Amino acid sequence: MVTFKPSVDLEHGAIAVSSGKRFLAHGDGAPFFYLGDTAWELFHRLTRDEADYYLRKRAEQRFTVIQAVALAELNGLTVPNANGDVPLIDLDPCTPNERYFAHVDYVVQRAGELGVFIGMLPTWASWTLQENHPFLENHAVFTPGNAYAYGLYLGRRYRHSPNIIWILGGDRAVKDAAHLEVFRQMARGLAEGDGGAHLKTFHPRGDRSSSDPLHEEPWLDFNMIQSGHCVRDKANHEMIRADYERTPVKPCLDGEPRYEDHPVMSPNWQWDKAQGYYDDYDVRKAAWWAVLAGAHGHTYGCHPVWQMWQPGREPVNNVRIPWYEALDLPGAWQMRHLRMLIESRPMLERMPDQSLLASAEWVPSRHVQASRAADGSYAFIYIPAARQDVTINMEKLAGATISVSWFNPRNGRIERSSPVAAGARTMHFTSPDTGPDWVLMLDDAARGFAHPGPGTPSWRWA
C-alpha cells in the first residue's frame with residue numbers, strides 16, 4: 007500500500023494573497039496551489055467513517071481544498087445529518103445546534119490532519135432568499151442582523167483552525183442591496199470572529215463571477231467564477247481573463263466548472279441525452295484552460311460526489327453511480343498532474359500570455375492556452391488535440407538553449423524531450439499523434455528545471 011504525507015504542509019503557515027496579488031501563498035512565502043473539489047453535502051450526508059474515506063481519498067489524489075456547505079443545499083435545514091442532527095434550532099441562525107457543528111468540527115480537524123483545507127460555505131445562498139425551487143424546501147432564514155451573529159459564531163468557532171477558507175454565497179446572484187447586506191454582515195461577523203485569520207471569497211450562480219457586483223468589496227480576497235455545466239466547451243478561460251484584467255488586482259479561479267459525469271446541459275438547463283455526460287477530457291480541458299489563463303488554482307467537481315448520492319437517496323439530475331465509486335473516476339486522479347506541473351516551476355512568476363502564440367487554430371473546442379514565467383524562463387502551452395499545430399513566438403522566452411518537452415496531462419509523464427537552439431523568431435510545433443490533449447513545455451535549459459513527477463512539491467510520498 008502506498009502511503010503519503012499530507013497534501014499540504016500546514017507548517018508553512020496560514021495562507022494569504024501573495025505579494026503580487028495574483029496567487030495565494032503561505033506565511034513563509036511558499037506558494038499555495040488551490041486544487042479544489044466540490045463536496046457540497048459532505049457535512050450533511052456523510053458519517054464520520056464516510057467522511058474519513060472521502061477525505062483520505064482526495065488527499066491521496068493531492069487535492070488541497072474541499073468545498074463544503076455548513077447549511078447544505080439539499081434540504082439541509084430540516085433533513086438531519088447522518089447523526090440525526092439539524093444545524094439550527096427552530097430554523098434560527100442565532101441558535102446553532104452544538105451537536106451538528108461538533109460533526110463539522112470533526113471533518114475540519116480530520117481534513118487538517120490530512121493537509122487539506124476546507125473551503126467552508128457558511129450557508130447555501132438559497133437560505134438567504136425566498137424563492138420557489140422545483141424540488142427543494144424554501145426557507146429564507148437570514149437577515150443582516152442574524153447573518154452577522156451567525157458569521158461571528160462560525161468565525162469564533164474556527165478561529166484557530168488553520169485550514170479554513172470562507173466561501174460566501176452559494177449558487178445565487180446577489181439580488182439587490184438588501185440581499186448584499188446579508189453577505190456583508192456575514193463577512194463582518196466572520197472577520198470579527200476569527201480576527202481576519204482566514205481568506206474569503208464568494209461562490210456565484212452559473213456563468214457568473216463574484217466580481218460582479220462584489221469585486222471592490224474589501225472583504226472579498228479573491229474572485230471565484232462558476233463556468234457551470236452548460237454546453238461542452240464553455241470558454242471559462244475568457245471568464246478568467248476578464249477577472250484577471252480587473253482592478254484592483256485580485257486572484258481568481260473557477261470554483262465550479264463542468265463536473266465529471268454530469269449531463270451536458272443546454273443553456274436553458276435542459277438535457278438532450280444525445281449530448282451525453284462530461285468525461286475526464288472535458289474536466290481536464292476546463293482545468294488547464296483556466297489555470298493557464300491566469301487562475302491561481304482550480305476546482306474539480308464530480309456529479310455524484312457533490313450530492314453524495316448513493317442508492318436509497320433521491321438522485322439529482324440523472325446521476326448514474328454512487329459517490330464512493332465516483333471518487334475514482336479518471337478525471338479526479340488526473341487533476342494532480344496539473345498541480346504537479348504548476349508546482350514544478352516558480353509558480354508565483356507565472357502569467358498568462360497569448361502573445362506567445364504566433365499562430366494557432368481558433369476553433370473554440372481546440373482553443374490553445376499559453377502561460378509563461380514573467381522572466382521567460384519557462385512556458386506552458388495547453389493544446390487540446392493530437393496532431394494540432396502551433397507556432398510559438400520564441401522571442402518571448404529566455405535562454406540560449408530551450409528544452410522542449412511534451413507533458414501528458416492524462417498520466418503526468420514526459421513523452422518526449424529535446425533541446426533546441428534559441429535564435430529563431432518563431433518555431434512550429436505539432437502535438438503528438440496520440441492524445442487527445444498535451445502540454446508543450448518550453449524551458450530555459452540553463453535553469454535546470456526538473457521534470458515534474460515524484461519528488462516535486464506536490465508528490466510528497468513517504
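Using the numbering used here, read the sequence shown as starting at 7 and increasing by one per residue.
Just so you know, even glycine gets a beta-carbon here, dropped at the ideal spot from N, CA and C.
These figures come from a predicted structure and were not determined experimentally.
How many angstroms separate the CA atom of residue i from the CA atom of residue j?
i: Leu186; j: Val180; result: 6 Å
i: Glu143; j: Leu80; result: 8 Å
i: Gln232; j: Ala406; result: 42 Å
i: Asp439; j: Arg393; result: 5 Å
i: Val385; j: Asp443; result: It should be pointed out that residue 385 corresponds to Ala in this sequence rather than to Val. Ala385 and Asp443: Cα-Cα distance of roughly 17 Å.
i: Arg521; j: Leu16; result: Residue 521 is absent from the model: the chain starts at 7 and stops at 468.
i: Gly454; j: Arg351; result: 10 Å
i: Lys402; j: Gly382; result: 6 Å
i: Ile124; j: Ala74; result: 7 Å
i: His235; j: Ile408; result: 39 Å
i: Met7; j: Asp278; result: Below a pLDDT of 50, predicted positions are generally treated as unreliable, and Met7, at 41, falls in that range; no measurement from the model is reported.
i: Trp465; j: Ala456; result: Its pLDDT being 37, under 50, Trp465 is placed unreliably in this model, and the coordinates cannot settle the point.
i: Met126; j: Ile170; result: 7 Å
i: Ser25; j: Met357; result: 15 Å
i: Pro317; j: Pro86; result: 18 Å
i: Trp339; j: Gln67; result: 6 Å
i: Arg54; j: Trp315; result: 16 Å
i: Ser13; j: Leu354; result: 19 Å
i: Arg247; j: Arg105; result: 43 Å
i: Tyr265; j: Ala427; result: 42 Å
i: Gln281; j: Thr432; result: 39 Å
i: His18; j: His32; result: 6 Å
i: Met346; j: Glu331; result: 24 Å
i: Met271; j: Phe69; result: 26 Å
i: Arg214; j: His221; result: 12 Å
i: Pro128; j: Gly459; result: 36 Å
i: Met192; j: Gly118; result: 24 Å
i: His109; j: Tyr164; result: 13 Å
i: His343; j: Arg419; result: 9 Å
i: Asp359; j: Asn274; result: 33 Å
i: Trp225; j: Ala22; result: 13 Å
i: Glu223; j: Ser411; result: 42 Å
i: His145; j: Ala404; result: 58 Å
i: Gln375; j: Ala88; result: 43 Å
i: Arg194; j: His243; result: 32 Å
i: Lys11; j: Glu137; result: 45 Å
i: Val325; j: Pro168; result: 34 Å
i: Trp46; j: Ala380; result: 36 Å
i: Ala296; j: Met230; result: 11 Å
i: Ala468; j: Gly121; result: In this prediction, Ala468 has a pLDDT of 25, which is less than 50 and means its spatial position is unreliable; nothing more can be read from the coordinates.
i: Gly461; j: Glu349; result: Confidence at Gly461 is low in this model, with a pLDDT of 48, below 50, so its placement is unreliable and the value that follows should be read with caution. C-alpha separation (whole angstroms): 11 Å.
i: Ala65; j: Tyr287; result: 22 Å
i: Ala451; j: Pro269; result: 44 Å
i: Tyr112; j: Leu362; result: 47 Å
i: Asp449; j: Met400; result: 11 Å
For residue i, write down the residues that DSSP places opposite it in a beta bridge.
i: Ser423; result: Ser411
i: Leu446; result: Ile387, Trp412
i: Met433; result: Ile398
i: Gly212; result: According to DSSP, Gly212 bridges with nothing at all.
i: Trp172; result: Met126, Lys206
i: Val23; result: Leu30
i: Ser365; result: Thr397
i: Asp177; result: Looking at the DSSP assignment, Asp177 forms no beta bridge with any residue, so it has no partner.
i: Cys100; result: Answer is none; Cys100 lacks a bridge partner.
i: Asp43; result: Ile72, Tyr306
i: Phe38; result: Leu30
i: Leu94; result: Pro102
When you compare the CB of residue i with every CB in chain D, is at least one pair closer than 8 Å?
i: Asp278; result: The chain labelled as chain D is not found in the depicted structure, where only one protein chain is given.
So residue i packs on residue j, CB below 8 Å; how close in whole Å?
i: Ile387; j: Val445; result: 7 Å
i: Phe208; j: Leu174; result: 5 Å
i: Val322; j: Tyr306; result: That belief does not hold up - the Cβ atoms of Val322 and Tyr306 are roughly 18 Å apart, past 8 Å.
i: Arg190; j: Ser217; result: Contact flag wrong, Cβ pair sits at about 16 Å.
i: His204; j: Leu30; result: At roughly 12 Å, the Cβ-Cβ gap does not stay under 8 Å, so His204 and Leu30 are not in contact.
i: Tyr159; j: Pro93; result: Not quite, the Cβ-Cβ distance comes to about 11 Å (not below 8 Å), so this is no contact.
i: Arg28; j: Pro257; result: 6 Å
i: Trp130; j: Asp177; result: 7 Å
* Using 8 Å as the threshold, is the segment 371-384 in touch with the segment 55-71, meaning 3 or more CB pairs across them? -> no
* Whole runs of the beta strand (DSSP E) within the segment 213-297, excluding any shorter than 3 residues -> 229-232, 258-260
* Does the count of Cβ pairs from the segment 144-159 and the segment 98-106 closer than 8 Å reach three? -> yes
* **4-residue-minimum alpha helix (DSSP H) runs that sit fully inside the segment 51-77, ordered along the chain** => 54-66
* To do: Please confirm if the segment 80-90 is in contact with the segment 38-57, defined as three or more CB-CB distances below 8 Å between the two stretches.
  => yes
* Validate contact between the segment 333-341 and the segment 301-310 using beta carbons, cut 8 Å, 3 pairs -> yes
* Asked: Is the segment 194-202 in contact with the segment 238-256, if contact means three or more CB pairs nearer than 8 Å?
  -> no
* In chain order, each alpha helix (DSSP H) run of at least 4 residues that lies wholly inside the segment 313-384 -> 329-332, 336-349
* To do: Can you check the segment 133-166 for any alpha helix (DSSP H) of at least 4 residues that lies completely inside it and give the ranges in chain order?
  => 150-163
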